[in-house]
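Okay, structure first, notes after.
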Amino acid sequence: MTVEEADMRSSSRGDLRALSRWISAIGILPVLLTVLILGMCIIDPRFSGVANVTNILRNASVLAIVAFGQALVLIAGGFDLSVGAIVALASEIAAVTMRWAGTAFPEQDALIIALGVGAALGTGILVGLVNGICVAVLRISGFIATLGSMSVTLGIALIITNGIPVYGLPQSFITQFGRARWFEFPSAAYVAIAILLVLAFVQRRTVLGRYLYAIGGNSEAAIVSGISTRRYQIAAYVISGLLAAVTGLLLTALVGSGQASFGGDLMMLQSIAAAVIGGVSLHGGVGRFGMVALSAIFLSILSNALNLLRVDSRIQPIFIGVILICAVALDEIRRRRTVHD
Amino acid sequence: MTVEEADMRSSSRGDLRALSRWISAIGILPVLLTVLILGMCIIDPRFSGVANVTNILRNASVLAIVAFGQALVLIAGGFDLSVGAIVALASEIAAVTMRWAGTAFPEQDALIIALGVGAALGTGILVGLVNGICVAVLRISGFIATLGSMSVTLGIALIITNGIPVYGLPQSFITQFGRARWFEFPSAAYVAIAILLVLAFVQRRTVLGRYLYAIGGNSEAAIVSGISTRRYQIAAYVISGLLAAVTGLLLTALVGSGQASFGGDLMMLQSIAAAVIGGVSLHGGVGRFGMVALSAIFLSILSNALNLLRVDSRIQPIFIGVILICAVALDEIRRRRTVHD
Amino acid sequence: ASAGDAKWYPFKMNDASADTVKVVDYSPVEKAEKRHKICVLFPHMKDSFWVAVAYGITEQSKALGVNMNLYEAGGYDNLPKQLSQFDDCVASGADAIVIGVISTVGVAKQVLAAKAKSIPVIAVTNSFISRDLTAGVFVDLKSMASASANALLASVKAGEAANVVTFPGPAGSGWAETMNKDFETVVANNPNVKTLSSKFGDTGVAVQLQLVQDALQAYPSMNYIWGTAPTAEAAIGALAEAGRSDVKIISTYENQAMLDALKRGDITAFTTQYPVIEGRVAIDQAVRILDKKPFIRLVQPIAGVIDKTTMGKMDMSTVLAPASWSPVYSVKQ
Amino acid sequence: MAKEEASEPILILRGITKRFQGITALRQVDFDVRAGEVHVLFGENGAGKSTLINIIAGTFQPDEGAYRFDGLHLSHLTPHRARGAGICAVFQEFSLAPNLTVVENLFLGREIRRGGILDLATMRRRASDLIEELGFDLELDRQVGMLSRAHQQMVEIAKALLGEPRILILDEPTASLTEREAGRLFELVAALKARGVGIIYVSHRMREIRALADRITVLRDGQLVRTLEAAGVQDADLVELMTGRKIDGLFPTFDHKPGRVAIEVQGLSAARGAVCDVDFVAHAGEITGIAGLVGCGKSELVRAIYGLEQIEHGEIRLHDVAQNTLSPRHSLRRGVVYFPANRATEGLALARVVRENASMSSLDVREIARLGLLDTRNERSLVQQAVDRLKLRPPNLERPAGRLSGGNRQKVMLARGLMRDLSVFLFDEPTVGIDVGAKREVYDFMGRLLQAGAAVVVVSSELPEVLALSNRLYVMHHGRIVTQLEGSEKTEQNVLASFFRSEANAATGAAS
Ligand SMILES: Nc1ncnc2c1ncn2[C@@H]1O[C@H](COP(=O)(O)OP(=O)(O)OP(=O)(O)O)[C@@H](O)[C@H]1O
Ligand SMILES: Nc1ncnc2c1ncn2[C@@H]1O[C@H](COP(=O)(O)OP(=O)(O)OP(=O)(O)O)[C@@H](O)[C@H]1O
Ligand SMILES: [Mg+2]
Ligand SMILES: [Mg+2]
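Chains as they are written, first to last, in the working numbering: chain A, 1 to 341; chain B, 1 to 341; chain C, 1 to 333; chain D, 1 to 512.
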């Protein structure tokens, strides 16, 4: 072996090492996502078409918003099973309110929409508040508290509308918001990005963010440090409820009707999955919202890609399950390499 | 106030204190359960009829068996979302195997049943093993690992049968096992009790049980104490898979066909709820199987009672949610009274 | 006067009790002889389809003067819950049980047990073939599938190539798979019609929306969507957004949204099995059995196709509950 | 009450009683602190010191008793209000969030905000100023959970000092620190004292008490024994007040009879550079000590021997057999046991009872378990013997470990070493937080091990302890062994000198 060869080898090894260090720093998810996107662009040109990108972004945004709320609660050491139910109830409340307002104040779309949106957000906040009080004041484990409130919320949603979709939303709510595209991107994406920015700021620059991480990391330490953990735990659940309600509104505007079927276990499981794949720890204290957003995009693209590639829809769950496990396993291997045992 | 009065007061107060100490020791669940049972017996004589008791016991047994497995995994610090999927797959595998064996070895019911049971249990063990390996060797969080394997398992279940129920089980499997009553009690109850006894023994008297608690209590301490945590974590998931498969078999024998619809999120959520209401900690290290059994009975009686009392079935989820929260809140208050702050 | 007072009978239905199916004019009894207690079990009450069945059941119970209690299991994946609700019905002393089964054979053993206690069991809406069943009123899924397939074939213009993507419903439900197969068998007769793919998925609008959107991308040549009512509902928006006014939608079952969409011309057709009538007939059968009157063991509604042309002629109170009606879970006399 | 014109107490507790389930941790305790004094709380493990401190800091509510601070009567004190009033505490079981960084932890609960937004730059600056003043070797951006116990202790101390305290509570602040850091802390304590801060100090190290205390309050079994002026009090009297009996001499004299080589380590590098090219020998029948500053890798060395750290290269021989499968399980089977320094993270399952914790590492022993089945009666009696020998208080086997006082938790962990036949004992900070009486028990325990021919390795940051216990002493610095001291060479001066020598070497090495 000549000196030059050795040099080259070591330099390419150096590159590799730089690459692996870079991956270590940012995690495996961005890498997987890039590979997935590039691969799909090459395999199937329709993937990068405007319509398809719009679809992906819209789905990813909706998922990301619930997942943000879920992540916040998980970071604070809790669990929110009720998000799906809140999405459903908020959707119905919004639709029912708008329908009623539509007859009470005909033609005043702005007012009608404002009332509907307010009612939906209020619903989310209320359920979140109940969750928070159960957890922080009654000291019920978040899992059980939100399991209970999920059951109650879904029950209420069913009673309100008997599961029949609620129509009669102002047309402008659907066309100018739900299905709208602003500068080529779907409206939902703007909402999601705005929420992401706010949350990232909250995490880094506010006491609320700091305290939620502290409570999730070691709640006794937080108490002893003089943090009134109750208030902040309640805040986490309220924000999660609020974000679930936002998701309900987005879906309502997209579909054009209030639907109880929006909720359900799927939304709840997916929101937890997106958060956990995005690096949020179920034991609390750890997680970043940017990664949760990436993971929501990843999951949305994955299912879109499987459909575009015309994978039999019965095999898709198998694929998704395997990829889920592999992605997290890869990330775990990376982490074990870099941090100690 | 005479001396006697004072005496009486203090003695009755002593009684109360004894009662409250007794409640402290055993928890609120047995008390709630007793109240519920007595109340229902008085309100509705049909409640205590043989048929109704059989139903309750059968439902409670099925739920308890999955919940036992779930509790075991939770105690060891994990999470098993795949139990519902395993129930479904095991049911189908059992039915498919028996149907095939029925044509291969006609009339040999014992052999046919043995093959079917073996195949189903093998399925459960296999999925549990995969879960365990993902968690213990690949170090994926139990939540994600079993979420993935749930998806894969359900996918496989769908592919095997296209979602169409599988008939052709030997009649004796259904009549002499599934629907059988031995000494007035349904067969499932015997299975559940046997499993409970074994698990209680495992918990108290075996190294396996002790290690699972140790691992869930503090996995690093367990490693330092020379416990090969991997092996025992895998064991927990395998047992959980096995018990889910047993549940699948019981339901198959009860219903008389293999069904993909047995699985699903409901079973998974209920099993976790039963375990947590029974005092199992989601953080691991804490829980007793007797209490999990009581909690499964409690949940079964609750839904039975609501049906017997003809509570509007839309209101039932609301009731159940509220009762769930109240039961756990009461327990929390009791615990806070007795233990510190 | 509520719509319930409207005289819906005689109603043309199939008597499928014997080997050869014959058309009959179905008419109910006037009044029950006793205030029987009838227990009704539904898979769920989460869409207007089952609400329509419930409407029929409620109205007929009132009309005949019987007590009725309705329980829903909360969804198609809750078979164990339905089983225990069945048991609870038996335990609570029901005289007859009307059931929309979650799984065909799932409740077979429960039915056998009820038979042993001589409690009649009537299957409603969801197909259930069993010797132990006392009576049943449900449509033949095959005929539903072929009716909707024929509706699709009818709308295909001569020489037009129809590329269909089907959205049958949740994988693993049984009915989705069955209908999909029957649909494919029927359209296979027409060489111009091609089924590109079948996309299974839960019958929620959000889930179906994603499936339709992806299918629009994956199958650019798709010009027919055949699927569940939520699929159709989702597809309307998705097509509008994608600017694909050329794609036609056929729904395999009915709900309020389908009716509205048909009125607006957003969908081409939907099929109906007259769920309200099914509910009414089920209660009538139960009363006939309890009063020991003659009854038809298996009554099948004749699947109907509702499109622009038939819509005006149809009495919609046989298809859906009035919009103002809200479900009643018990009727006490 | 006070004879001298000493300042009025700023904090007065009267008749404090605190009950835990089945236990009265404090019974009618009176306690006060004056401005500018160091008031030492002294007592056995489980005497109630931490409980009293937690009451002062607002973490626990007393069941009875009154509380006056600064002349004001306070009830329902919460940690929040306590901190607001200037009561700052260094807790025995730290108050740190492991997932936050050092700066974030320092300001936890008292973040500096400007317009509702965290002022990161100011907080950073103040944190680094304080850490510099304290002379601690802390990186501001490290996650606290990744730090060693010693470093966490420093964070905990810095956190308490950040708040401009009026009352500073130090609950065993030096338990895992070496002389150097402790020395800096004492200077700071003196400075605060001069500024009129009242200081409550808990420690089991007699040297510190003698150096710092103005007054000493002795607690025994939750009751106040006596409050006395520190001047003129003898150690022996204090110990007698505390335990109710006489203990002669802090350290026993051991009869080392070095026998066969039990552990031989050659050219070991491990734990990602924390241990570097180490040669090390431990004989049966003697105590081998390892000393060194915080972060020098002394724990990592024994952890590597036990199989808890990744080995990069080098060889470890046990009883003259080269080991290639190193894991805790194998080590235990070969008769090697390790007692971790951080009992909260690696030692105990706090939710489980004492019995289970003590027998955790011995369930493969035939007396306790056969074919996977436990002999619970045997287990109980073995554990009972073990905890009796270590004087666990309360000696209740069915109490969750989380409800024991700090020192008693340590004893539960040590009990593991008495449960099975072992020939090599690796102690990492064996007496962290243990009271003087119990320390003696631990030393006697080591003595018995020696007599039975075991090899004992002691890693400790308490220099007098390793010096007194060990027959041979290795001194580590920056992952390397810098000297080995024996016999009369074993003096504090020599140990310290070896640090400086290697520091100087490193400096010249870097310069060349
Ligand atoms: N959270 C708790 N729950 C129940 N009992 C407790 C709790 N904390 C402490 N105790 C009990 O209160 C008593 C006093 O404990 P404390 O921690 O105050 O002792 P200490 O003097 O600080 O001991 P050490 O020197 O070991 O730290 C002990 O018997 C202990 O078991
Ligand atoms: N979990 C960890 N991850 C990364 N680095 C670590 C970890 N634990 C310790 N270190 C680093 O390894 C070095 C040695 O660790 P440590 O402080 O435990 O040494 P030590 O000699 O055992 O000290 P002591 O026994 O006094 O606590 C230090 O630089 C420390 O910061
Ligand atoms: Mg203490
Ligand atoms: Mg150390």
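For each residue, glycine too, the CB sits at the ideal point set by N, CA and C.
| field | Paired residues, beta bridge with G258/B - DSSP | value | The partner list for G258/B (beta bridge, DSSP) reads V166/B.
| Which residues have their C-beta within less than 5 Å of a heavy atom of ligand 1, listed in chain order? | Working through the chain, the matches are H340/B, F20/D, A25/D, N45/D, G46/D, A47/D, G48/D, K49/D, S50/D, T51/D, R403/D, L404/D, S405/D, G406/D and G407/D.
| message | Within a Cβ cutoff of 6 Å, which residues of the same chain sit near H256/D, ignoring the five residues on either side of it in sequence? | response | Exclusion of the five residues before and after H256/D leaves E286 and N471 as the residues of its chain whose Cβ lies within less than 6 Å of its Cβ.
| said: I need the DSSP call for E93/D, collapsed to helix, strand or coil. | reply: E93/D falls in the coil class under three-state DSSP.
| For I87/D versus I112/D, is the C-beta distance shorter than 8 Å? | No.
| task | Please go through the stretch 318-395 of chain D and give each complete alpha helix (DSSP H) segment of 4 or more residues, from N-terminal end onward. | result | As far as the stretch 318-395 of chain D is concerned, its whole alpha helix (DSSP H) runs of at least 4 residues are 328-333, 354-359 and 376-390.
| task | In the DSSP assignment, find the unbroken alpha helix (DSSP H) run with A104/A in it and report its ends. | result | V83 to A104 is the span of the alpha helix (DSSP H), which, as asked, contains A104/A.
| query | Under a CB-based cut-off of 8 Å, is F354/B close to chain C? | reply | Within the shown structure, residues of chain B are numbered from 1 to 341, placing residue 354/B beyond reach of any answer.
| request: Please name the residue, chosen from I277/B, T146/B and R310/B, that lies closest to L294/B on a Cα-to-Cα basis. | output: Ranking I277/B, T146/B and R310/B by Cα distance to L294/B puts I277/B first.
| F167/C lies in the beta strand (DSSP E); which residues open and close that run? | Its beta strand (DSSP E) spans residues A162 to F167.
| said: For ligand 3, is there any heavy atom lying closer than 7 Å to the beta carbon of Q153/D? | reply: A distance criterion of 7 Å places the beta-carbon of Q153/D beyond contact range of ligand 3, judged by its closest non-hydrogen atom.
| message | If I measure Cβ to Cβ from A3/C and keep anything under 6 Å in the same chain, skipping five residues before and after, which residues do I get? | response | Model confidence at A3/C stands at a pLDDT of 43, short of 50, so the residue's coordinates are unreliable; what they give is reported in the following sentence. So the list reads S317 and P322, once near-sequence residues are dropped.
| field | DSSP three-state assignment for P28/C, whether helix, strand or coil | value | It is coil, neither helix nor strand.
| Cβ-based neighbour list, I223/B, same chain, cut-off 7 Å, excluding 5 preceding and 5 following | By the criterion of a C-beta distance shorter than 7 Å, I223/B is surrounded in its chain by T229, once the five residues flanking it on both sides are discounted.
| task | At 8 Å on the CB atoms, spell out the chain B contacts of L306/A, in chain order. | result | Listed along chain B is no residue with a C-beta nearer than 8 Å to that of L306/A; the closest approach is about 12 Å.
| Own chain residues within Cβ distance below 6 Å of A147/C, not counting five before or after | Here the set comprises T271, A303 and V305.
| field | Nearest residue (CA-CA) to L211/C, options L243/A, G256/A, R310/A and E332/A | value | Comparing Cα positions, the closest option is R310/A.
| query | Going by the C-beta, is D171/D closer than 7 Å to any heavy atom of ligand 3? | reply | Under cutoff, so the answer is yes.
| message | Less than 6 Å between C-beta atoms, sequence neighbours within five positions excluded: which residues of the same chain meet that for L467/D? | response | Answer for L467/D: K490, listed in chain order.
| query | What residue does the beta strand (DSSP E) around A96/C start on, and which one ends it? | reply | Per DSSP, A96/C is one residue of the beta strand (DSSP E) stretching across A96 to I99.
| field | Contact set for G102/B: own chain, Cβ-Cβ below 7 Å, skip 5 residues either direction | value | Contacts found: I112, G168 and P170.
| field | Same chain, Cβ closer than 8 Å to F49/C, neighbours up to 5 away in sequence not counted | value | Cβ neighbours of F49/C beyond the five flanking positions: A229, Y253, E254, N255 and P275.
| So, is the C-beta of R95/D closer than 8 Å to a C-beta in chain A? | One point to set straight first is that residue 95/D is Ser, not Arg, in the sequence displayed. Residue contact with chain A for S95/D: present (Cβ-Cβ distance below 8 Å to some residue of chain A).
| query | Residues of chain B with a CB under 9 Å from the CB of E184/C: which are they? | reply | Contact annotation for E184/C against chain B: no contact, minimum CB-CB distance about 13 Å [criterion: below 9 Å].
| said: Using CA atoms only, rank isn't needed, just tell me which of A120/B, D80/B and A85/B is closest to M98/B. | reply: Of the candidates A120/B, D80/B and A85/B, A120/B places its Cα closest to the Cα of M98/B.
| message | For chain C, check one thing: does any of its Cβ atoms lie closer than 8 Å to the Cβ of S313/B? | response | Among the CB atoms of chain C, one or more fall inside 8 Å of the CB of S313/B.
| said: Taking 8 Å as the threshold (C-beta atoms), are G77/A and G285/A in contact? | reply: Taking 8 Å as the Cβ cut-off, G285/A and G77/A qualify as a contacting pair.
| field | Min CB distance I174/B to chain C below 8 Å | value | It does: the Cβ of I174/B has a partner Cβ on chain C nearer than 8 Å.
| request: Give the residues of chain A in contact with L108/D, contact being defined as C-beta atoms less than 9 Å apart. | output: Going along chain A in sequence order, the residues near L108/D (Cβ under 9 Å) are R210, Y211, A214, A221, A222, S225, G226 and I227.
| query | Comparing the CB of Q92/D with every heavy atom of ligand 3, is any distance shorter than 7 Å? | reply | Yes, the Cβ of Q92/D comes within 7 Å of a heavy atom of ligand 3.
| Per-residue DSSP class, three states only, for K332/C | Coil, per DSSP.
| For the beta strand (DSSP E) that contains A135/C, what are its first and last residues? | Note, A135/C: beta strand (DSSP E), A135 to F138.
| said: So that I know if they touch, is there some Cβ in chain D lying closer than 8 Å to that of T386/A? | reply: Here chain A covers residues 1 to 341 and nothing more, so residue 386/A does not appear.
| said: What does the Cβ neighbour count give for D237/D, buried or exposed, with the cut at 16 atoms within 10 Å? | reply: In this structure D237/D is exposed. Its beta-carbon is surrounded by fewer than 16 other beta-carbon atoms within 10 angstroms.
| query | To the nearest angstrom, how far is it from the Cα of D171/D to the Cα of K49/D? | reply | For the pair D171/D and K49/D, the Cα-to-Cα distance works out to about 8 Å.
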